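Here the structure is laid out as structure tokens; the discussion comes afterwards.
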Amino acid sequence: MSKKEVQKQSEKQNAAFGSWESPITTDLMLDDSVGLGEISVFEDDVYWIEMRPQEKGRYVVVKRTPDGQQTDVIPTEFNACSRVHEYGGGSYLMTEQGLVFSNFSDQALYMVNSNNDCIKLTNSGACRYADMIYDKNKCRLICVRESHSESSLKSNHNEAINTIVSISLSEEKNEKILLEGADFYSNPRLSHDGKQLCWINWQHPNMPWDDTSLYCAEINNKGEIETPKHIAGGNNEAVCQPLWSPDNILYFVSDKSNWWNLYRFNNNQTECVLVKDAEFAVPQWSFCECNYDFVDKDNIQAIYRQNGLAYIALININEKSLETLELSYTDFESLVCNKNKSWFLAASPTQFPSIVEYDIAQKEIDVLRKANKLTLDDGNISIGEPLTYPVNEKNNAYAFFYRPKNKNFTGLDGEQPPLIVMSHGGPTGESHNGIKMVVQFFTSRGFAVLDVNYGGSSGYGRTYRQRLNKQWGLVDVNDCSKAALYVAEQGWVDKERLAIRGGSAGGFTTLASLAFTDIFKAGASHYGVSDLEALAKETHKFESRYLDSLIGTYPEEQDLYKERSPVHNVEQLSCPVIFFQGLEDKIVLPNQAEMMVDALKEKGIPVVYIAYEGEQHGFRQAKNIKRTLEAELYFYSTIFNFECAEDIEPVKFL
């Protein structure tokens, strides 16, 4: 340590870890903060979705014109959010006729035309729509439809029916099924001449990262599909993100080499565009994931992930060469190209997610919109250090380690910081190192945070993803536990003050870690799973057979479901837990938290339960996000024996 660093260290105030006064308050985090995504370009205008916590989590389509003017496109009483697969995505589309979007409250499609009239396009209150494209030749939309009508549920074993449909924009109530029979559909994409349609489908019990198939067919004069042809996928190959090149060659991403690499189908043959041990796609939890696009017929701009970091590159198709762009960002998504420019969502360990415009020829960027206008002092920002650590004799796992950091504070002499292990959701998710304000909220108060990419996470190839097959509740628990012990053994954290938190599937890993290990002293479950059997019976169609691959077939392997369910193993759990739950959650129902809370109460273990009206799977309203963070901090203060610097409403132990 240099003299200057020693002097700066000595100027800091000594205080207990966790008790540091932080400038990163919940009010500051949420003030003028938005979620960003679903970028698209139409003519010369750029569009995207903003999720606004200050408007009760409303999703708004925003347009930016070349002169820099930004306007909301949908009326204030609407919310552009599809619920197909419950996770949505692909919620809007700009067409020559106007902007079409899926409205959250009734899931109908509406169109805002050139006169700013908002016209309802669909009338069935039982149907949901997503992943729309515009068929100019037929003046119609083509999209995924999910029917929850009584007749659909009755005819399909109480499950919704998914199809690809066309919806006329020139005739009233002209909705036709183009494709049916598969359990799931996605990515309908028209060739540029409008004569061919490609799509992806898959069947239970597969998830879209397990086994999917890409098809293509001619469109006849009546607009019907003729003789579908299988292009790729199936037999444990997951294909995704099909896209037509400017010269009408079909491209797609496949993981048949273990890595999601780019391929194309040309002259009835499939060839790999570029071989690289990297991921050029992400698991399709939501519609319209975009990891590559065409600059022209010879060049592609693409996002790829490698060793936990993301990059943007230019790929020359003819030379099969890749040039990684030198940008200051380390996390990218939602890429689109047009007229020698590209737009994408980008972030870094010190930069908030932003809509970025990139001039491909000039190699210059322009930031169009930031998720948060907050200016942060680097002295208070902890940057994740990538870790690779052993979890057994054959395998390593990966994580980002964040040390406590606050320019005004340091810990007490002889004290090590408490650790919060973060188990991401999915579980086929991935922890990135783009800035996460939840992480900074805790590190700036004196916590260390360990964000774990346990076995099953994406970004490290299909083999790593499949480490979790039949092993959920075992591999993820082991990897999170080994991660905590690893950093404790390095002397970086207090081994006696280890906590774990997670949401959804990460909530299950949290609860399972508390039930099946004695490493952690506290846990926070955000809308987490506690009863695997109940999840298998009650969850929505998209994930209703997910547990077949993660646990085993049900009910044939019912015993495994009970063995690995935290709610059936409460006798092994002995530390306090706090639960947060949205009461309108259709993915992990509120009874998952409530069963666990009741079981812990009966055993006499300190437990906190905070439920929110109007929230679903993940919290979107500013007041609830604020309460959740502050309540979790207060909860840790009672367990790890420190005083919060700010005045926080206490939590009530049951």
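When the letters of the sequence shown are read in order and numbered with my numbering, they come out as residues 3 to 656.
Glycine is no exception: its CB is placed at the ideal position from the N, C-alpha and C atoms.
Computed from a prediction, not measured in an experiment: that's the story for all the values here.
- Taking all protein chains shown into account, alanine 363 has fewer than 16 neighbouring C-beta atoms within 10 Å of its C-beta and is therefore exposed.
- Taking a 10 Å sphere around the C-beta of histidine 87, we find 16 or more other C-beta atoms and assign the residue as buried.
- In this structure, Ser172 is the residue among Ser172, Gln618 and Glu325 with its C-alpha nearest to the C-alpha of tyrosine 136.
- Around the CB of aspartate 119, fewer than 16 other CB atoms lie within 10 Å, so the residue is classed as exposed.
- Beta bridge pairing from DSSP links glutamate 177 with Ile169.
- Nearest neighbour of aspartate 496 by Cα position, chosen from Ser344, Phe267 and Phe19, turns out to be Phe19.
- The straight-line gap separating the alpha-carbon atoms of leucine 38 and lysine 484 is approximately 34 Å.
- In the same chain as leucine 216, and ignoring 5 residues on each side of it, the C-beta atoms closer than 7 Å to its own belong to Cys200, Ile202, Ile233, Ala234, Gly235, Val241, Pro244 and Phe254, in chain order.
- Where leucine 513 is concerned, the enclosing alpha helix (DSSP H) starts and stops at 507–518.
- Three or more pairs of CB atoms, one per stretch, sit closer than 8 Å, so the stretch 417–425 contacts the stretch 495–509.
- For aspartate 74, the pairing in a beta bridge is given by DSSP as Val64.
- When the Cα atoms are used, proline 351 and leucine 562 turn out to be separated by approximately 40 Å.
- The C-beta distance from phenylalanine 282 to leucine 264 rounds to 5 Å, short enough to meet the 8 Å contact threshold.
- The stretch 451–468 makes no contact with the stretch 630–648, as fewer than three CB pairs between them are under 8 Å.
- Under the rule that a run must span 3 or more residues, the beta strand (DSSP E) segments found entirely inside the stretch 348–428 read 353–361, 366–372, 387–392, 398–404 and 421–425.
- Rounded to whole angstroms, the separation of the alpha carbons of arginine 85 and asparagine 208 is 20 Å.
- Residue pairing of lysine 231 in beta bridges, as defined by DSSP: Cys218.
- Restricting attention to Asn301, Pro285, Trp287 and Val284, the CA atom closest to the CA of leucine 276 is found in Asn301.
- Between leucine 376 and the set Gly525, Thr27 and Leu180, the nearest pair of CA atoms involves Thr27.
- In the structure shown, glutamine 560 falls within a helical segment according to DSSP collapsed to helix, strand and coil.
- The bridge partners DSSP lists for histidine 528 are Gly505 and Phe582.
- The secondary-structure analysis by DSSP pairs threonine 272 across a beta bridge with Phe267.
- Taking a contact to require three or more Cβ pairs closer than 8 Å, the stretch 521–537 and the stretch 437–444 do not qualify as touching.
- Out of Pro557, Val479, Ala373 and Gly554, the CA that lies nearest to the CA of glutamine 56 is found in Ala373.
- Within the same chain, Asp300 come within 7 Å of asparagine 320 by CB-CB distance, once the 5 residues on both sides are set aside.
- Residue pairing of arginine 147 in beta bridges, as defined by DSSP: Tyr131 and Thr165.
- Lysine 278 sits buried, since 16 or more C-beta atoms from the chains shown fall within 10 Å of its C-beta.
- Shown here, isoleucine 319 sits in coil according to DSSP, grouped into three states, outside any helix or strand.
- Taking a C-beta distance under 8 Å as the contact criterion, leucine 575 and leucine 516 qualify as a contact pair.
- Spanning the alpha carbons of asparagine 435 and glycine 584 requires a straight line of approximately 27 Å.
- Between valine 599 and tyrosine 611 a beta carbon distance of about 5 Å is seen, short of the 8 Å cut, so the two are scored as contacting.
- Counting along the chain, no alpha helix (DSSP H) covers valine 297; the unbroken beta strand (DSSP E) around it starts and ends at 294–298.
- Shown here, isoleucine 305 sits in a strand according to DSSP, grouped into three states.
- About 5 Å separates the beta carbons of serine 425 and cysteine 482, which is inside the 8 Å limit, making them a contact pair.
- Taking a cut-off of 8 Å for Cβ pairs, the stretch 101–121 and the stretch 635–646 do not touch, as fewer than three such pairs fall below it.
- Methionine 439 has no beta-bridge partner at all, per DSSP.
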